[in-house]
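For reference, the structure discussed in these notes is given below.
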Amino acid sequence: MSQHPTAEQLRSAAALMTGQAAGMPAIDRRKVLQGMLLGAAGAAFTPGIFGQVEIPPSEIRLMFNENPYGPSPKALAEVAKILPKTAYYPGAIEEDLVGLFMARHQLDRKQVFLASGSNEGLQAAMMAFGKRGKVIAPTLTYSDHLNYAEKLGVEVLRVPLRQDMAIDLEAMARAVDDSVSLVYLCNPNNPTGMAIEGDELRSFCREVSRKAPVMIDEAYNELTDKPDGSSMVDLVRGGENILVTRTFSKIFGMAGLRVGYGMGHPDIVSVTKDHVMAWPNGVGLYAAYHSYLDEDFIAFSREKILRGREMVTATFRRHGIEPLPSQASFVYANIERNADAFKTAMAARNVRIRGIYEGYDTYSRVSMGKLEDLEVFDSVFSEVFVG
Ligand SMILES: Cc1ncc(COP(=O)(O)O)c(C=O)c1O
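As numbered in the numbering used here, residues 1 to 387 make up the sequence shown, in order.
Below, the structure is given as structure tokens:
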């Protein structure tokens with residue numbers, strides 16, 4: 001049996017902390033929480049001790065940038081209606097969903113494609129262009145599609161970040177020559193969370209896309225300070241040599257349903273589509289369609305995630321750590337100790353965060369969870385960090 005409290009115990013304690021224990025002053029709630037943490041860490045846990053039936057110990061997941069508030073309740077209700085009809089391949093829903101993107105961004109059909117998660121779109125573009133030449137990408141960035149393509153023989157040239165951990169646009173532009181077939185960057189970047197200002201990126205894209213297509217991964221766009229201003233979709237609309245990818249896995253809270261999409265120059269879309277392998281997932285498309293229209297849910301999720309970002313930032317700051325400025329659903333900070341060992345110590349207490357990204361041995365990344373889970377993170381972080 002675990003030496004540490006389960007996530008459910010910790011959540012009960014956090015409910016006390018966030019005021020759900022009606023009428024109890026904050027200071028008393030804090031004492032109860034401390035008692036729970038210390039007691040549970042020192043002694044074997046008796047199931048049901050906090051008024052719960054036996055719940056399998058589950059973890060607090062702060063490692064994959066998911067949105068646990070999703071999916072949208074309206075989308076779930078619509079999905080329930082469609083499930084009995086999934087004997088059939090999806091029909092009009094595919095065009096209906098693409099139609100929403102076309103209307104929102106004033107694009108035509110040839111500028112949009114769907115994929116099973118944005119990762120599939122990114123992989124498809126990597127293979128489509130990577131077989132024609134080198135791909136340029138920052139050293140520290142979202143890399144699943146880069147690693148996938150490298151395994152299949154694509155050459156990826158990594159450009160180091162600037163001293164302040166921002167993507168070095170000047171160095172990336174300098175690296176583009178005739179041997180380069182695609183330039184990838186992610187805005188805001190993962191894992192740093194840092195965003196490039198819209199106009200700065202726009203002039204980079206205008207200049208570089210004359211030499212090679214530029215693929216901008218906007219997985220976290222809806223969480224930035226200025227989602228429209230920082231998006232490169234206007235360049236797509238203007239016919240530039242650009243591909244923008246988006247996803248339903250982040251603010252929409254549908255990571256398990258696997259829906260992403262790309263918006264780009266018709267030639268880029270055409271060749272990328274040819275490399276997409278999966279056929280669309282009808283249930284995911286339904287959920288995506290109704291989520292996209294559920295503005296209340298989108299505003300609710302954004303508010304919770306931004307509030308969570310403040311909470312995690314405050315936890316770091318209370319321990320003298322200044323995290324990088326994040327415009328995404330995670331916070332990245334130099335904890336000045338081995339991030340893998342720290343991750344393991346947190347995981348032993350049922351709180352899962354990210355450890356080392358190559359070359360950044362002392363940086364931890366913490367994703368947003370439900371606010372009560374971030375209260376737990378705060379207590380467990382202090383326990384592990386202070387020792
Ligand atoms: C920057 C970035 N792009 C793309 C993805 C892939 O997401 P999905 O395939 O679920 O759309 C992720 C997932 O974490 C990500 O962080």
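Cβ coordinates follow ideal geometry from the N, Cα and C atoms, glycine included.
Could you spell out the range, first to last residue, of the beta strand (DSSP E) harbouring residue i?
i, result
"residue 243", "242-247"
"residue 366", "363-367"
"residue 215", "214-217"
"residue 264", "260-264"
"residue 156", "156-159"
"residue 181", "180-186"
"residue 333", "330-334"
If you measure from the CB of residue i, is any heavy atom of ligand 1 nearer than 7 angstroms?
i, result
"residue 387", "no"
"residue 281", "no"
"residue 247", "yes"
"residue 230", "no"
"residue 223", "no"
"residue 119", "yes"
"residue 142", "yes"
"residue 186", "yes"
"residue 260", "yes"
"residue 219", "yes"
"residue 175", "no"
"residue 255", "yes"
"residue 97", "no"
"residue 67", "no"
"residue 122", "yes"
"residue 190", "yes"
From this set, the options, which residue's C-alpha is nearest residue i's C-alpha?
i, options, result
"residue 265", "284, 73, 244", "244"
"residue 126", "110, 75, 109, 151", "151"
"residue 141", "358, 370, 362", "358"
"residue 363", "144, 192, 173", "192"
"residue 320", "330, 336, 308", "336"
"residue 155", "162, 169, 163, 182", "182"
"residue 260", "268, 248, 270", "248"
"residue 239", "122, 257, 108", "108"
"residue 66", "368, 280, 387, 379", "368"
"residue 197", "325, 332, 331", "325"
"residue 269", "236, 205, 195, 176", "236"
"residue 310", "329, 105, 297, 293", "329"
"residue 255", "246, 262, 380", "246"
"residue 251", "203, 169, 227", "227"
Need the endpoints of the alpha helix (DSSP H) that residue i sits in, please.
i, result
"residue 109", "No alpha helix (DSSP H) contains residue 109, which DSSP labels as neither H nor E."
"residue 122", "118-130"
"residue 172", "169-175"
"residue 221", "Segment: none, residue 221 is in no alpha helix (DSSP H) and carries neither H nor E."
"residue 393", "The displayed coordinates of the chain run from 1 to 387. Any statement about residue 393 would go beyond what the structure contains."
"residue 145", "144-151"
"residue 286", "282-293"
"residue 141", "Where residue 141 is concerned, there is no enclosing alpha helix (DSSP H), given that its DSSP letter is neither H nor E."
May I have the straight-line CA-CA distance separating residue i from residue j, to the nearest angstrom?
i, j, result
"residue 356", "residue 159", "19 angstroms"
"residue 216", "residue 233", "9 angstroms"
"residue 242", "residue 213", "6 angstroms"
"residue 345", "residue 384", "7 angstroms"
"residue 180", "residue 135", "6 angstroms"
"residue 343", "residue 253", "24 angstroms"
"residue 167", "residue 303", "27 angstroms"
"residue 165", "residue 340", "20 angstroms"
"residue 377", "residue 316", "11 angstroms"
"residue 299", "residue 178", "44 angstroms"
"residue 375", "residue 162", "33 angstroms"
"residue 349", "residue 87", "43 angstroms"
"residue 327", "residue 295", "20 angstroms"
"residue 139", "residue 353", "21 angstroms"
"residue 76", "residue 229", "31 angstroms"
"residue 70", "residue 314", "25 angstroms"
"residue 258", "residue 185", "21 angstroms"
"residue 331", "residue 128", "33 angstroms"
"residue 147", "residue 131", "14 angstroms"
"residue 370", "residue 301", "10 angstroms"
"residue 395", "residue 68", "This structure cannot speak to residue 395, because the chain is shown only from 1 to 387."
"residue 280", "residue 100", "16 angstroms"
"residue 277", "residue 121", "9 angstroms"
"residue 292", "residue 262", "15 angstroms"
"residue 38", "residue 305", "Confidence is the limiting factor: at residue 38 the pLDDT is only 39, short of 50, which leaves the residue's position unreliable, though a coordinate-based value still follows. Their Cα atoms are separated by approximately 29 angstroms."
Is residue i near ligand 3, with its Cβ less than 7 angstroms from a heavy atom?
i, result
"residue 195", "Absence of ligand 3 is noted for the structure shown, with ligand 1 being the only ligands found."
Could you tell me whether any Cβ in chain B is nearer than 8 angstroms to the Cβ of residue i?
i, result
"residue 193", "In the structure shown, chain B does not exist; there is a single protein chain."
Should the stretch 273-285 be called in touch with the stretch 105-120, which here means at least 3 C-beta pairs below 8 angstroms? yes
Cβ contact (3+ pairs, closer than 8 angstroms) linking the stretch 182-190 and the stretch 218-225: yes
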